[in-house]
Amino acid sequence: MATTVPPRFPWTQRLTAGWESDGVCSLRALRRWKRYLSATPDDAETIVSHSLRLPVMPALSGSPESPGKKLLEGDDTPEEVVVAYHERTKHHYHRYAASLGQMDWATQPDPFRRYEGAQLIRFPLSDTRRTLPYWKIYVPGSVAPMPLSIDSLSIFFRYALSLTAWKRFQGTTWSLRANPSSGNLHPTEGYAVLPALDGVHDRPASYHYAPKEHGLERRADLDLTVWSALMAAFPKSSFLVGLSSIPWREAWKYGERAFRYCQHDVGHAVATMRISAAALGWRLFLFSGPSDAGMTKLLGLDRDADYGHAEREHPDLIALVTPAGPDGPHGVSRGLPEETLRQAEAGPWYGKANALSPAHGVDWPVIEEVVRATCRQSKTPTSEDFSRFASEEELFGAPVRSGSLSAEKVILGRRSAVSMDGTTSISAEAFFRMLARLVPTSDRRSMPWDAIPWKPRIHLGLFVHRVRGLPPGLYALARDPDKVETLRAVLRGDFLWQRPPTCPSGLHLYLLKEGDCHALAASVSCGQDIAGDGAFSLGMIADYMDSLITYGAAFYRNLFWEAGMVGQVLYLEAEEAGIRSTGIGCYFDDPVHEVFGIVSRDWQSFYHFTVGGPVEDVRLTTLPAYGPERGNLPDPTVPR
Ligand SMILES: Cc1cc2nc3c(=O)[nH]c(=O)nc-3n(C[C@H](O)[C@H](O)[C@H](O)COP(=O)(O)O)c2cc1C
6 MATTVPPRFP
16 WTQRLTAGWE
26 SDGVCSLRAL
36 RRWKRYLSAT
46 PDDAETIVSH
56 SLRLPVMPAL
66 SGSPESPGKK
76 LLEGDDTPEE
86 VVVAYHERTK
96 HHYHRYAASL
106 GQMDWATQPD
116 PFRRYEGAQL
126 IRFPLSDTRR
136 TLPYWKIYVP
146 GSVAPMPLSI
156 DSLSIFFRYA
166 LSLTAWKRFQ
176 GTTWSLRANP
186 SSGNLHPTEG
196 YAVLPALDGV
206 HDRPASYHYA
216 PKEHGLERRA
226 DLDLTVWSAL
236 MAAFPKSSFL
246 VGLSSIPWRE
256 AWKYGERAFR
266 YCQHDVGHAV
276 ATMRISAAAL
286 GWRLFLFSGP
296 SDAGMTKLLG
306 LDRDADYGHA
316 EREHPDLIAL
326 VTPAGPDGPH
336 GVSRGLPEET
346 LRQAEAGPWY
356 GKANALSPAH
366 GVDWPVIEEV
376 VRATCRQSKT
386 PTSEDFSRFA
396 SEEELFGAPV
406 RSGSLSAEKV
416 ILGRRSAVSM
426 DGTTSISAEA
436 FFRMLARLVP
446 TSDRRSMPWD
456 AIPWKPRIHL
466 GLFVHRVRGL
476 PPGLYALARD
486 PDKVETLRAV
496 LRGDFLWQRP
506 PTCPSGLHLY
516 LLKEGDCHAL
526 AASVSCGQDI
536 AGDGAFSLGM
546 IADYMDSLIT
556 YGAAFYRNLF
566 WEAGMVGQVL
576 YLEAEEAGIR
586 STGIGCYFDD
596 PVHEVFGIVS
606 RDWQSFYHFT
616 VGGPVEDVRL
626 TTLPAYGPER
636 GNLPDPTVPR
């Protein structure tokens, strides 16, 4: 393997040399993984797994012999538990993070949670064909706010969390959604807390979103005084959305690393919800203040009687969706009254959660530990100063005011590339535009970054393969202008730090080192060719330790959310540019750090991504997502 490393990156030879000296085991595991990915068409189960991006880590993964071992013994701080979890769940060339090492199909979790006995309000599907141009969703004030109704709510959930297609191969069928998910396992559940609304319910209530039915399950009625107290600070027609995670869905396949993937998926879903709101002329703001305990009460997640033996959900976040104009409502900074959140407990509540797996082969207690360590206490809402960030003009040169696709086509047509063609290139202008979309502006209006109150903690280490007008090589993008010098000090000392001459002035993009980095990008992404065969790929480098110190252990989750949001914007930008992208959760953590010269644990790679020309898998049949679109076809069955 060492011969595949380009000579212009001499320090990387240590990485592949490490493979060999670290033992045959790692190479054997990597080869097995690659064989799995290039399975032949007549092996139906393997093809389906591949299409679902379901390859498990090869046997010999991690240390499943010690899944019950605690992260730390003794009286440790939540931050120490987080750091121990992060270290323990790194993939190394010689050892993957602990997982089962095989697919236990008998316990495959149901991707759809339902609350049996709760009333299901199906959304109408007729009016989603909107012609709104994609570029407009990024221009504040350009989409007139739609009134809140069952129809606009239908569009909101359709663009945010709904099914977008069913795929079929040899009698096996599975669904895809607007929000992507690691391994297509979908640990994220969506909730809404709504006022009385025609066609939905005659009083305020709390709902669970059912994606397969595209409807809301009414979980609880809310006392009018509770609703009024919750929403007193916000404009009329505002409502709340919530997200929770079921770690078992990811852990079933990915073992101990699954908590990371759950959080990535939450980040993707925050972005899909924000983007969906933008398509309706609405805004969305994440509350940074409410405690997990308060959210749990509002969403009913601690109701033992409703869950029985069903897998539990842990709360992730609550956000405000509001038709308020571009200046936004002022009450968001005050947050949600904690005491009122807890009053939602009174109900009445409806429905019993379904069990997702008949049994759990192996449980992964370290996930419970990190869930506990990152549990959020109620805190003062975050408020930060963005005044030193660039304006839209400085970021984009000429702001984008045209484009080729409608918002709906981009949002519902989004797909992960299964493989990349290794030939498609993009222009430097398209590359700069995609990167500029990832950076907040000084006026705090750039979408989706206006949804989160903290300054960027995720920066990019890029592997540029085929961008016309730019030399291939390693690049860095600082998403916060104040972090350029810090990054310079953190990354390898002999990097060039040259601004590409045509790069817009507000985009802090730097060439670090010229050279062919195809093989390097693929090798650090668990040997996945998609990372080397795209136009570019990247590692998302988090300002990790300082974030934990500044905001506390719970912010570990926010780092993945921010990374997921970056990924979601790239997914959509790639669609608009006529190419595709794919999230990459499988990468070798420390080898990535070594590529960029990161020697301390203060900065860590949190997610990878690749963007390029896709190769379609023509063996798969695509079916429409829902009944009326599907004509008379019956509902596809969910594979178990
Ligand atoms: C957090 C995350 C990690 C992912 N990691 C990988 C990966 O390592 N390799 C891969 O081929 N696809 C990866 N994917 C892509 C998913 O497999 C894909 O989103 C899923 O199969 C659903 O397909 P869709 O994106 O077309 O809806 C990842 C996606 C997410 C959201």
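Going by our numbering, the first residue of the sequence shown is number 6, and it counts up by one from there.
Cβ atoms here follow ideal geometry from the backbone N, Cα and C, with glycine treated the same way.
Here the structure is a predicted model, which means the values were calculated and not measured.
Asp-297 lies in the alpha helix (DSSP H); which residues open and close that run? The sequence position of residue 297 within the sequence shown is 292, counting from 1. 297 to 304 is the span of the alpha helix (DSSP H), which, as asked, contains Asp-297.
Just checking my contact of Arg-473 with Ala-433 at CB under 8 Å: how many whole Å lie between their CB atoms? As a position in the sequence shown, residue 473 is number 468, starting the count at 1. As a position in the sequence shown, residue 433 is number 428, starting the count at 1. That belief holds up - the Cβ atoms of Arg-473 and Ala-433 are roughly 6 Å apart, short of 8 Å.
Please indicate yes or no: does the CB of Pro-192 lie closer than 7 Å to some heavy atom of ligand 1? Counting from one through the sequence shown, the residue named residue 192 turns up at place 187. Because no heavy atom of ligand 1 lies under 7 Å away, the Cβ of Pro-192 does not count as near it: no.
Might you give, ordered along the chain, the residues of its own chain that have their beta carbon closer than 8 Å to the beta carbon of Leu-229, omitting 5 neighbours on each side? Along the sequence shown, one-based indexing puts residue 229 at 224. Once the five neighbours on either side are set aside, the close Cβ partners of Leu-229 are Arg-208, Pro-209.
Should Val-597 go down as buried or exposed, given a rule of 16 or more other Cβ atoms within 10 Å for buried? Counting from 1 along the sequence shown, the entry for residue 597 is found at position 592. Flag for Val-597 reads buried.
Alpha-carbon to alpha-carbon, Arg-585 and Ala-579: Mapped onto the sequence shown, residue 579 falls at position 574. Mapped onto the sequence shown, residue 585 falls at position 580. Spanning the two alpha carbons is a distance of roughly 5 Å.
Beta-ladder partner(s) of Thr-626, from DSSP: By one-based count along the sequence shown, residue 626 stands at place 621. Arg-173.
Any idea what DSSP makes of Glu-389, helix, strand or coil? Against the sequence shown, residue 389 aligns to sequence position 384. Glu-389: coil per DSSP, three-state reduction.
Could you pull the start and end residues of the alpha helix (DSSP H) that Arg-163 belongs to? Position 158 of the sequence shown holds residue 163. Arg-163 -> alpha helix (DSSP H) spans 155 to 166.
Ile-603 - DSSP class collapsed to helix/strand/coil: Here the question's residue 603 lines up with position 598 in the sequence shown. Of the three classes helix, strand and coil, the one that applies to Ile-603 here is coil, per DSSP.
When the Cα of Ser-249 is compared with those of Thr-177, Asp-390, Val-376, which residue comes out closest? In the sequence shown, residue 249 corresponds to position 244, counting from 1. Here the closest residue by C-alpha is Val-376.
Is the region 86 to 102 touching the region 114 to 130, taking contact as three or more C-beta pairs under 8 Å? no
Between the C-alpha atoms of Val-616 and Asp-595, what's the straight-line distance to the nearest angstrom? Walking along the sequence shown from the start, residue 616 turns up at place 611. Walking along the sequence shown from the start, residue 595 turns up at place 590. Their backbone Cα atoms lie some 22 Å apart in a straight line.
Check the C-beta distance from Leu-166 over to Ala-149 and give it rounded, since I have them as a contact under 8 Å. The residue given as residue 166 occupies position 161 in the sequence shown. The residue given as residue 149 occupies position 144 in the sequence shown. Contact flag wrong, Cβ pair sits at about 24 Å.
Met-545 bridges to which residues according to DSSP? Taking the first residue of the sequence shown as 1, we reach residue 545 at position 540. Leu-465, Tyr-612, per the DSSP bridge assignment.
If I follow the unbroken alpha helix (DSSP H) through Asp-455, where does it start and stop? Taking the first residue of the sequence shown as position 1, residue 455 is located at position 450. No alpha helix (DSSP H) holds Asp-455; DSSP gives it neither H nor E.
Any non-hydrogen atom of ligand 1 within 7 Å of Pro-646 CB: Nothing about residue 646 can be read from this structure; the chain reaches only from 6 to 645.
Would you call the CB atoms of Ile-372 and Ala-263 closer than 8 Å? Position 367 of the sequence shown, counted from the start, is the residue given in the question as residue 372. Position 258 of the sequence shown, counted from the start, is the residue given in the question as residue 263. A contact, by the Cβ cut-off of 8 Å.
Quick one: what's got a C-beta closer than 8 Å to Ser-362's C-beta in the same chain, skipping five residues either side? Working through the sequence shown from its first residue, we reach residue 362 at position 357. Only Thr-112, Gln-113, Pro-114, Asp-115, Trp-253, Trp-257, Glu-316 meet the Cβ criterion.
Between the C-alpha atoms of Arg-449 and Lys-460, what's the straight-line distance to the nearest angstrom? Within the sequence shown, numbered from 1, the residue matching residue 449 stands at position 444. Within the sequence shown, numbered from 1, the residue matching residue 460 stands at position 455. C-alpha separation (whole angstroms): 10 Å.
With a 10 Å radius around its C-beta and 16 neighbouring C-beta atoms as the bar for buried, classify Arg-406 as buried or exposed. Against the sequence shown, residue 406 aligns to sequence position 401. By the 10 Å Cβ count, Arg-406 comes out exposed.
Return helix, strand or coil for Tyr-259, following the three-state DSSP convention. Numbered from 1 along the sequence shown, position 254 holds the residue referred to as residue 259. Helix at Tyr-259.
Report yes or no: do the region 537 to 545 and the region 504 to 514 share at least 3 C-beta pairs separated by less than 8 Å? no
Could you tell me whether the Cβ atoms of Gly-478 and Gly-427 are closer together than 8 Å? The residue you call residue 478 lines up with position 473 of the sequence shown. The residue you call residue 427 lines up with position 422 of the sequence shown. No, they are not a contact pair.
Rounded separation between Gln-533 and Thr-385 - CA only: Along the sequence shown, one-based indexing puts residue 533 at 528. Along the sequence shown, one-based indexing puts residue 385 at 380. Gln-533 and Thr-385: Cα-Cα distance of roughly 42 Å.
Asp-226 - partner residues in DSSP beta bridges: Your numbering for residue 226 matches position 221 in the sequence shown. Answer is Ala-210.
Buried or exposed: Ile-323, going by 16 or more other Cβ atoms within 10 Å of its Cβ? Residue mapping note: residue 323 aligns to position 318 of the sequence shown, counting from 1. Buried.
Where Thr-136 and Gly-305 are concerned, what is the direct C-alpha to C-alpha distance, given to the nearest angstrom? Taking the first residue of the sequence shown as 1, we reach residue 136 at position 131. Taking the first residue of the sequence shown as 1, we reach residue 305 at position 300. Rounded to whole angstroms, Thr-136 to Gly-305 spans 38 Å at the Cα level.
Which of helix, strand or coil does DSSP assign to Leu-42? Within the sequence shown, numbered from 1, the residue matching residue 42 stands at position 37. Residue placement at Leu-42 is poorly supported in this model, since its pLDDT is 34, which falls under 50; the coordinates are not used for a value here.
DSSP three-state label for Phe-290, please. In the sequence shown, residue 290 corresponds to position 285, counting from 1. In the structure shown, Phe-290 sits in a strand (DSSP, three-state: E or B).
Residue burial classification, Asp-548 (beta-carbon count within 10 angstroms, cutoff 16): Translated into positions along the sequence shown, residue 548 becomes position 543. Its Cβ being crowded by 16 or more others within 10 Å, Asp-548 is buried.
Could you tell me whether any non-hydrogen atom of ligand 1 is closer than 7 Å to the CB of Gly-590? Start at 1 with the first residue of the sequence shown, and residue 590 comes out as number 585. At least one heavy atom of ligand 1 is nearer than 7 Å to the Cβ of Gly-590, so yes.
Bridge partners for Ala-579 per DSSP, in chain order? Residue 579 sits at position 574 when you count from the first residue of the sequence shown. Paired residues: none, contrary to the question.
C-beta atoms of Leu-289 and Met-300 nearer than 8 Å: Within the sequence shown, the letter at position 284 stands for residue 289. Within the sequence shown, the letter at position 295 stands for residue 300. Against a cut-off of 8 Å, the Cβ pair of Met-300 and Leu-289 comes out as no contact.
Flag Ser-154 as yes when its Cβ comes closer than 7 Å to any non-hydrogen atom of ligand 1, and as no otherwise. Within the sequence shown, residue 154 is the residue found at index 149, counting from 1. Incorrect: Ser-154 has no Cβ contact closer than 7 Å to ligand 1.
Nearest-angstrom Cα distance between Phe-593 and Gly-466? For the purposes of this step, residue 593 is taken as the residue at position 588 of the sequence shown. For the purposes of this step, residue 466 is taken as the residue at position 461 of the sequence shown. Computed Cα separation, rounded: 14 Å.
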